[in-house]
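K.L.:
In the numbering used here, the protein residues as written are 19 to 82.
1) Put residue 39 into one of helix, strand or coil per three-state DSSP.
2) Work out the CA separation of residue 74 and residue 47 for me, nearest whole Å.
3) Rounded to a whole number of angstroms, what is the C-alpha to C-alpha distance between residue 64 and residue 70?
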């Protein structure tokens, strides 16, 4: 893995020095302003937290 990373780094540096590496902006264009989202409702938050708790092995609360 380290050898692959070193090789990729060397290849990119070589391409940059030779002027053949596209500019960063061409690969990763600046994104337009992100859409504004609304805050989660209490119900959405509770569902998400229960799912998270279940994935961690929590037991559902006892009914009664």
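We put the CB at the ideal spot given by N, CA and C, even for glycine.
P.N.:
In short, the structure shows the following:
1) coil
2) 38 Å
3) The straight-line gap separating the alpha-carbon atoms of residue 64 and residue 70 is approximately 10 Å.
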